[in-house]
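Below is one structure; the comments refer to it alone.
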Amino acid sequence: EDVKAYFSLGACMEGVSQLASCLFGLKFVANAVLPGETWHEDVIKVDIEDAEGRQVGTVYCDFLEREGKPSQDCHYTIRGGRVINQGPQKGQYQSPIVCIQLNLTRATDSPPLLLFDEVENLFHEWGHALHSMLARTRYQHVTGTRCSTDLAEIPSTLFESFALHPKVVPHYARHWKTGEPLKDAEQVFERIRLLRGFGQSLEISQQAVHSLLDQQLHSTEPLPAPSNEMLHKIQSEFLQSWFNPALGTAWTHRFGHLSGYGARYYSYLMARAAANLILRRLGLDKDPWCSSAGHKLKQELLQYGGELPPKYALSRLLNMPEHDFQPEVQLADALVEDLAEKEDMAHTLLTS
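Using the working numbering, the letters of the sequence shown map in sequence onto residues 329 to 680.
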């Protein structure tokens with residue numbers, strides 16, 4: 329609770345803004361809304377400008393919980409960016425408009441104060457929004473996040489990785505009342521980063537199993553067995569003796585991604601692997617403030633939205649000839665290397 333006071337919504341937004349400025353040359357400008365422009369008085373309008381003050385797009389921020397509001401955190405497009413091809417504005421670019429929806433708890437005696445996972449969710453959704461802002465595609469139906477799901481989750485996963493990075497937190501974590509920076513923030517969050525590596529292989533194994541279930545459920549007609557039995561079979565086959573399925577349960581009935589992300593749940597693992605590879609290749613894992621890496625990320629990946637095949641876009645970004653780039657091998661290797669490194673560091677810290 330003491331640390332939470334340093335992660336007010338305003339402080340965390342300052343962190344997002346600083347990163348967007350350093351990496352992409354963007355400026356966040358909060359502007360008043362017109363009567364009837366938004367669907368609720370809580371919604372804040374943030375116009376995004378480039379370094380020359382030209383409007384890039386608009387993000388409506390609907391961050392606070394309220395009765396009747398959908399519970400999921402998400403980003404969605406209101407208007408896609410595109411080249412206008414007729415009328416008096418022909419040849420100009422239609423700026424994108426998107427919304428970020430969160431469900432942060434309202435506070436009575438302070439601004440909203442965020443838990444660590446809420447900080448990461450905020451940065452994650454802003455990763456999606458910045459993807460939408462920076463895309464400059466000819467057609468609106470391939471702009472920003474309107475691309476394959478495994479590609480769409482890469483920018484958000486990248487930005488999420490910056491949220492609690494030990495070299496990022498000291499720049500924005502401020503006590504909501506006094507404005508004092510969090511003491512020894514870099515050292516504290518370096519330790520937290522190391523500790524969070526513990527058990528990552530179990531989490532990845534579970535995600536892989538859930539991805540396999542998702543694929544089977546959407547590849548079979550009709551179902552050969554109840555979904556919970558299919559899950560138990562996959563768990564027994566791939567997790568082997570160290571994991572005993574909870575027989576008699578129906579966890580699959582609570583797995584919301586089976587409908588919202590049907591046959592695409594694997595995308596989170598693909599995006600995590602790709603993000604790890606990008607972070608290492610561009611040096612953003614060591615220096616999240618590297619403006620040249622941000623420029624490359626924008627020029628080679630983000631601005632194209634879904635116009636380019638994901639494999640081609642990634643090979644360009646990573647400076648790898650497309651014929652040499654084998655995602656199924658290199659992405660898996662990147663994920664395994666990252667897991668091994670994190671668990672080794674966590675083990676060293678816990679046993680020292």
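Every residue gets a Cβ at the ideal spot worked out from N, C-alpha and C, and that includes glycine.
> Relative to the ligand ADP, is the shortest distance from any of its heavy atoms to the C-beta of Gly396 smaller than 7 Å?
Replying inline: Here there are no bound small molecules, and the ligand ADP is not part of this structure.
> Assuming Leu629 and Ala641 make a contact with CB atoms under 8 Å, what is their CB distance in whole Å?
Replying inline: 5 Å
> What runs of the beta strand (DSSP E), each 3 residues or longer, lie entirely inside the stretch 379 to 435?
Replying inline: 383 to 392, 402 to 407, 425 to 432
> Looking only at DSSP bridge pairs, what is Val357 linked to?
Replying inline: Asp375
>> Whole angstroms are fine: how far does the CA of Gly633 sit from the CA of Cys427?
In response: 17 Å
>> With the cut-off set at 8 Å, would you say Gln528 and Lys670 are in Cβ contact?
In response: yes
> Between Leu540 and the rest of its own chain, which residues show a CB-CB distance below 8 Å, the 5 nearest in sequence each way excluded?
Replying inline: Ile562, Phe566
>> Please classify Asn647 as buried or exposed, where buried requires at least 16 neighbouring CB atoms within 10 angstroms.
In response: exposed
>> Buried or exposed for Pro483, going by 16 or more other Cβ atoms inside 10 Å?
In response: buried
>> For a quick check, are the C-beta atoms of Ala599 and Thr485 less than 8 Å apart?
In response: yes
> Quick one: what's Ser336 bridged to in DSSP?
Replying inline: Leu441
> So what's Arg464 in DSSP terms, helix, strand or just coil?
Replying inline: coil
> From Arg474 to Gly455, what does the alpha carbon distance come to, in whole angstroms?
Replying inline: 14 Å
> In terms of residues, what are the limits of the alpha helix (DSSP H) holding Asn556?
Replying inline: 555 to 566
> What do you reckon, are the CB atoms on Arg407 and Tyr467 nearer than 8 Å?
Replying inline: no
>> Are the CB atoms of Glu393 and Arg434 within a distance shorter than 8 Å?
In response: yes
> Near Thr386, which residues of its chain fall below 6 Å by C-beta distance, leaving aside the five closest residues on each side in sequence?
Replying inline: Asp375, Ile425
> Under the DSSP definition of a beta bridge, which residues are partnered with Pro509?
Replying inline: Arg502
> Do the stretch 490 to 498 and the stretch 514 to 528 touch if we need at least three Cβ pairs shorter than 8 Å?
Replying inline: yes
> Hey, would you say Ser489 sits closer than 8 Å to Thr471, going by beta carbons?
Replying inline: no
> Does the separation of the CB atoms of Ala360 and Leu354 fall below 8 Å?
Replying inline: no
> How long is the line joining the alpha carbons of Glu508 and Phe335, rounded to whole angstroms?
Replying inline: 12 Å
> Going by other Cβ atoms of all chains shown within 10 Å of its Cβ, with 16 needed for buried, is Pro638 buried or exposed?
Replying inline: buried
>> Can you find the residues in the same chain that come closer than 8 Å, C-beta to C-beta, to Thr477, ignoring five residues on each side of it along the sequence?
In response: Tyr589, Arg592, Ser595
> When the Cα of Gln420 is compared with those of Cys389, Leu430, Gln383, Asp390, which residue comes out closest?
Replying inline: Gln383
> Is Phe490 helix, strand or coil by DSSP?
Replying inline: helix
>> In the DSSP assignment, the alpha helix (DSSP H) including Tyr578 goes from what residue to what residue?
In response: The sequence given here has Ala at residue 578, not Tyr. Per DSSP, Ala578 belongs to no alpha helix (DSSP H) and is neither H nor E.
> Among Phe583, Ala333, Ser619, which one has its Cα closest to the Cα of Asp437?
Replying inline: Ala333
> Beta carbon of Gly622, beta carbon of Phe444: below 8 Å?
Replying inline: no
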